[in-house]
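Q: Okay, so the sequence shown: first residue is 1 according to the working numbering, each after it adds one.
Right, I'll just put the structure down here and ask away after.
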Amino acid sequence: MYNYDIPVRRYNRNDLNEFCEKYLMSLGASEEEARITSAGVVAAASRWHPGKGQGLEKLFRLTLQLGNGGINCNAEFEILEDSPAAALVDGHQGFGYMVANKGAELAVEKAAKVGIGIVSIKHSNHFGQAGYHAESITKSGMIGYVMTNARAEMAPWGATEPVLATSPWGIGIPREGADPILLDMALTQSGQGMVMWAFREGQDVPDNWMLTADGAKSTNPADFLNADGSESTGTQYPIGEFKGYGLALFTDVLCGVMSGSLFGTQCFQGDVNHDVGHMIMAFNPEFFMEKKKFQERLEQLVGEIRSAKPIEGRTVYLPGELEFLTERDSNESGVPIDERSVEKLLALADNQNISFPPEI
1 MYNYDIPVRR
11 YNRNDLNEFC
21 EKYLMSLGAS
31 EEEARITSAG
41 VVAAASRWHP
51 GKGQGLEKLF
61 RLTLQLGNGG
71 INCNAEFEIL
81 EDSPAAALVD
91 GHQGFGYMVA
101 NKGAELAVEK
111 AAKVGIGIVS
121 IKHSNHFGQA
131 GYHAESITKS
141 GMIGYVMTNA
151 RAEMAPWGAT
161 EPVLATSPWG
171 IGIPREGADP
181 ILLDMALTQS
191 GQGMVMWAFR
201 EGQDVPDNWM
211 LTADGAKSTN
221 PADFLNADGS
231 ESTGTQYPIG
241 EFKGYGLALF
251 TDVLCGVMSG
261 SLFGTQCFQG
271 DVNHDVGHMI
281 MAFNPEFFME
291 KKKFQERLEQ
301 LVGEIRSAKP
311 IEGRTVYLPG
321 ELEFLTERDS
331 NESGVPIDER
341 SVEKLLALAD
351 NQNISFPPEI
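Here's what the structure looks like:
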């Protein structure tokens, strides 16, 4: 069992899924919306460090949006433009997890016929981890490439005001008889939730995680947040510096500008209208070569990576491998939730008269 550096409580994964489904349905979600959203939320909780903004903490945001009309229950998944290889979809402010799930299914359907499927989605909501949706595409034997825009947190390189998002990407590559290669990342060095977690725990952060409101570096998370640590006053630091900034701009063009959704500083203005856009792509290896040949060549590359001489004391992992190991630990020992979040979740459960699962 992994030992975390903060107090956690552990819960059975199926119990958490059941709780999330009941809770979301109590707020108006359909059974399908609750099931798909809960699966994504709990999967994130099973893979991520507890307390850093992923997992069941997403229920707090969902509660707010369901209460103020920011998420439409039973929203239509409307295909506005369609072709053999591409589609434009209006998510009508539905659950982001649900909209992305259907978008991935549509992309796979197209890629199965013509080799590639591209689905541009507008008027959606936060969809959790981009890698989660890319992974779903790999289950059909295809390569998944997923991206989204979001709240402006990154400043253009050389500026001090946020204009672009952390711009999460998810890339999944299927492997025969093994976990997929899965890259799940933001285009910034950290996420806001990680900085807030460090603030709460009284810990320093690397000096390349964020910039202050004046554009300066610091290791003190308090320099990037308001007095109670609930809001950011600084900007997220892009990966690769100006390169990450360029990739974030590219992401916002594809997800926001071209889809017809909000972009730049328009996103997440207030708690009601998030109105983000996604780009979901599926690539069918069998369109380019026989499946067996593709897998043989892929495993040859994986073998070269595995055999690369490691730095002393280090282990070479494939992208996503550590997360899958963490997930297995969670499945065996219980999904960890930090105690601060547990207290808030208990309050949510009480408000809806729903039982929260017992600890393992």
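Note that CB positions come from ideal geometry on N, CA and C, so glycine has one too.
Check whether the segment 283-292 and the segment 106-116 are in contact - that is, three or more C-beta pairs closer than 8 Å.
A: Segments in contact, yes.
Q: Mind checking whether G244 and L187 have CB atoms under 7 Å apart?
A: The answer is yes: Cβ separation under 7 Å.
Q: For I280, list the residues DSSP reports as bridge partners.
A: Answer by DSSP bridge pairing, in chain order: V119 and V146.
Q: Whole angstroms are fine: how far does the CA of A178 sit from the CA of A104?
A: When rounded, the distance between both Cα atoms is 21 Å.
Q: From T219 to T166, what distance separates their C-alpha atoms?
A: Roughly 20 Å separates the two Cα atoms.
Q: Could you have a look at Y23 and say whether DSSP puts it in helix, strand or coil?
A: Three-state result, Y23: helix.
Q: Measure how close the beta-carbons of V146 and H49 come, nearest whole angstrom, since I'm counting them as under 8 Å.
A: At roughly 22 Å, the Cβ-Cβ gap does not stay under 8 Å, so V146 and H49 are not in contact.
Q: Provide the residue span of the alpha helix (DSSP H) that contains V108, from first to last.
A: From DSSP, the alpha helix (DSSP H) with V108 extends over G96 to V114.
Q: Let me know the secondary structure DSSP gives S140 once reduced to three states.
A: DSSP places S140 in coil when its eight states are reduced to three.
Q: The alpha helix (DSSP H) spanning V335 covers which residue range?
A: Segment V335 to D338 is the beta strand (DSSP E) holding V335; no alpha helix (DSSP H) there.
Q: In angstroms with no decimal places, state the Cα-to-Cα distance between M281 and G320.
A: Whole-angstrom Cα-Cα distance: 19 Å.
Q: In whole angstroms, what is the alpha-carbon distance linking T160 and E153?
A: When rounded, the distance between both Cα atoms is 10 Å.
Q: Check whether the Cβ atoms of N125 and I79 lie closer than 7 Å to each other.
A: No, they are not a contact pair.
Q: Under the three-state reduction of DSSP, which class applies to A130: helix, strand or coil?
A: Three-state DSSP puts A130 in a helix.
Q: Can you tell me the Cα-Cα spacing of F324 and R47, whole angstroms?
A: Going by the C-alpha atoms only, they are around 7 Å apart.
Q: Do M25 and A39 have their CB atoms nearer than 7 Å?
A: No, they are not a contact pair.
Q: Under the rule that 16 or more other beta-carbon atoms within 10 Å means buried, what is G303, buried or exposed?
A: The residue in question, G303, is exposed, as its Cβ has fewer than 16 Cβ neighbours within 10 Å.
Q: Have a look at A150, W197 and Q189 and flag the residue whose alpha-carbon is nearest the alpha-carbon of D207.
A: The shortest Cα separation from D207 among A150, W197 and Q189 belongs to Q189.
Q: Assuming L164 contacts G264 (C-beta within less than 8 Å), just tell me the rounded distance between them.
A: Right, their Cβ atoms sit about 7 Å apart.
Q: Please give me, in chain order, every unbroken run of the alpha helix (DSSP H) with length at least 4 that falls completely inside the segment 216-275.
A: If we require 4 residues or more, the alpha helix (DSSP H) runs fully inside the segment 216-275 come out as 242-252.
Q: Using a threshold of 7 Å, state whether the C-beta atoms of G191 and G53 are closer than that.
A: Yes; because the gap between Cβ atoms is below 7 Å, this pair is in contact.
Q: Contact check, L262 vs G256 under 8 Å by CB: the rounded distance?
A: About 6 Å separates the two Cβ atoms, so the contact holds.
Q: Measuring CB to CB, does G144 end up less than 7 Å from I137?
A: Yes, they are a contact pair.
Q: May I ask you to report which of helix, strand or coil DSSP gives M210?
A: Reduced to three states, the DSSP call for M210 is strand.
Q: What do you reckon, are the CB atoms on F224 and M210 nearer than 7 Å?
A: The answer is yes: Cβ separation under 7 Å.
Q: Taking the alpha-carbon positions, what's the S140 to Q93 distance?
A: Going from the Cα of S140 to the Cα of Q93 covers about 27 Å.
Q: Buried or exposed for G67, going by 16 or more other Cβ atoms inside 10 Å?
A: The residue in question, G67, is exposed, as its Cβ has fewer than 16 Cβ neighbours within 10 Å.
Q: When you compare only the Cα positions, how much space is there between N100 and R297?
A: In the sequence as displayed, the identity of residue 100 is Ala instead of Asn. Looking at the two C-alpha atoms, the distance is approximately 30 Å.
Q: Given E21, which residues of its chain have a CB within under 7 Å of its CB, disregarding the five upstream and five downstream residues?
A: Cβ neighbours of E21 beyond the five flanking positions: A34, R35 and S38.
Q: Using a Cβ-Cβ cutoff of less than 8 Å, which residues in the same chain neighbour N331 once the five nearest sequence positions on both sides are dropped?
A: Correct list, in chain order: R13 and S46.
Q: Keeping to the same chain, check which residues put their C-beta closer than 6 Å to that of A29; ignore five residues upstream and five downstream.
A: Same-chain partners within the cutoff: C73.
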